[in-house]
Every structure is written in structure tokens, then in C-alpha cells.
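Per this note's numbering, the sequence shown starts with residue 16, numbered consecutively. Don't be surprised by glycine CBs; every beta carbon is placed ideally from N, CA and C. Note that the structure is predicted; figures quoted are calculated from it, not measured.
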Amino acid sequence: MSTPDRDLSRALIGALTLAAAVMLVVLLRLPGLILSIFLIALVLLVSRHYQSNPENAAIQSSLSYARDDICEVLDAYDQLQNGASAADIADRTLHFPALANPDMSVPEINEFLLRASSARRFVARIDGYLASPTVDRAQLERLLTVADQRAFELQSAWDDARRVAKEIGPA
Numbered sequence: 016m017s018t019p020d021r022d023l024s025r026a027l028i029g030a031l032t033l034a035a036a037v038m039l040v041v042l043l044r045l046p047g048l049i050l051s052i053f054l055i056a057l058v059l060l061v062s063r064h065y066q067s068n069p070e071n072a073a074i075q076s077s078l079s080y081a082r083d084d085i086c087e088v089l090d091a092y093d094q095l096q097n098g099a100s101a102a103d104i105a106d107r108t109l110h111f112p113a114l115a116n117p118d119m120s121v122p123e124i125n126e127f128l129l130r131a132s133s134a135r136r137f138v139a140r141i142d143g144y145l146a147s148p149t150v151d152r153a154q155l156e157r158l159l160t161v162a163d164q165r166a167f168e169l170q171s172a173w174d175d176a177r178r179v180a181k182e183i184g185p186a
């Protein structure tokens, strides 16, 4: 949930809680006052539990950057595979034809293809973690460490695969 949406939902919850507390006090007097106090305490307790921690927001931002790094490499590969521009076609047919052929038995290219497949699944899981408000800091830190490592390994595998494909050249 984005910050303006979160602020709006907090304001609506606060307004509804205040209206409910006033209605309880007006209708029930002293028992309504006691129930209102419990209602306000419960709403504050729940809102503090789901309140965004600045450290978690910073880690989520870093995790988003790591996800973007992975997506950049995957997008570059997809562009090589499916691009319609003259440069993409030249890369696919003249410069890196081995990368366009997934049936190659070159270890570096196979390594990249395996890492790319794994990275696609990993990116989908990262999006789920970024959308979840209940992920704690320790989980985010572990996920960030894994995401950074995967982004580095995928970039290295991409560089190696491109180098080898360039060396092989057109058949």
C-alpha cells in the first residue's frame, strides 16, 4: 500500500473509531465510556502493530533495487530473444546467436539460462514479500542478502554467457 493510501486508511479508521466512541458514550453513558476506552486502546494497539518501521522501509527499498537489478538482466535477455529492432536482430543473428539458441551445450550459456529461470521465480516471490505488511526485519535482511547475491551471480553469468556467445559467433 502506498503512503497516501496508508495515510487515508489511517484517517478513515481514526474517524470511524472516534464516531463509534462518541456513539457508545451518548447511547450507553458510563458503560459506553468504558467500552470506548477499550475500543480506542484496541485500535491503537492494532495500528502500532501494522505501522511501518523506517528501517523496514529502507530494507524494502534496497530489496526493490536488487529486484530491479535482476529484472534488468532478464529484460536484456528477453530483448535479445524477442527484440524487433535492427540492433536486436543483429545481436541475435550475428553477435550472440548462441544465446538465442537455448539448446546449446555450452556450460556458461546453460548456467545463465538456469540462473535466469530461477531468477524469474525469485522475482515473483520478492514481489510477494514487498507487498506483505507482516514481514519482519530479520526476514527482510535475509531476503536482501539472498537477492543481492542472486543479482550479482545472474549479472556474472550474463556477462560470461555473452562473452562465450560472442566467441562462438555465427555458425
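Can you tell me whether DSSP reads V37 as helix, strand or coil? For the purposes of this step, residue 37 is taken as the residue at position 22 of the sequence shown. Helix at V37.
So which of I74, R25, S100, I183 has the shortest CA-CA distance to V150? In the sequence shown, the residue the question calls residue 150 occupies position 135. That would be I74, whose Cα lies nearest to the Cα of V150.
May I have the straight-line CA-CA distance separating N116 from A72, to the nearest angstrom? Reading the sequence shown from its first residue, position 101 is the one you call residue 116. Reading the sequence shown from its first residue, position 57 is the one you call residue 72. Their backbone Cα atoms lie some 41 Å apart in a straight line.
Beta-carbon contacts of I124 that lie in its chain and below 8 Å, excluding the five residues immediately before and after: As a working note, residue 124 is residue 109 in the sequence shown. A113, L114, A176, V179, A180, listed in sequence order.
Every unbroken alpha helix (DSSP H) inside the segment 105-181 [4 residues or more]: 112-115, 122-146
May I ask you to report which of helix, strand or coil DSSP gives R44? The residue labelled residue 44 in the question sits at position 29 within the sequence shown. Coil, per DSSP.
Would DSSP call N71 helix, strand or coil? In the sequence shown, the residue the question calls residue 71 occupies position 56. Helix, per DSSP.
Could you check the C-alpha separation between R25 and F127 for me, to the nearest Å? Mapped onto the sequence shown, residue 25 falls at position 10. Mapped onto the sequence shown, residue 127 falls at position 112. Rounded to whole angstroms, R25 to F127 spans 45 Å at the Cα level.
Own chain partners of I183 with C-beta closer than 6 Å, once the 5 adjacent residues on each side are dropped: Taking the first residue of the sequence shown as 1, we reach residue 183 at position 168. So the qualifying residues of the chain are A113.
Can you look up F184 in the DSSP assignment and give me helix, strand or coil? For the purposes of this step, residue 184 is taken as residue 169 along the sequence shown, with counting starting at 1. Before going on, a small fix: residue 184 reads as Gly here, not Phe. Here G184 sits in coil by DSSP.
When we look at the beta-carbon of V61 and count the other beta-carbons within 10 Å, is it buried (16 or more) or exposed? In the sequence shown, counting from the first residue as 1, residue 61 sits at position 46. When all chains shown are included, V61 counts as exposed.
Output needed for E70: all residues of its chain with C-beta closer than 7 Å, excluding positions within five of it in sequence on either side, in chain order. Locating residue 70 in the sequence shown gives position 55, where the first residue counts as 1. The answer, listed in chain order, is R152.
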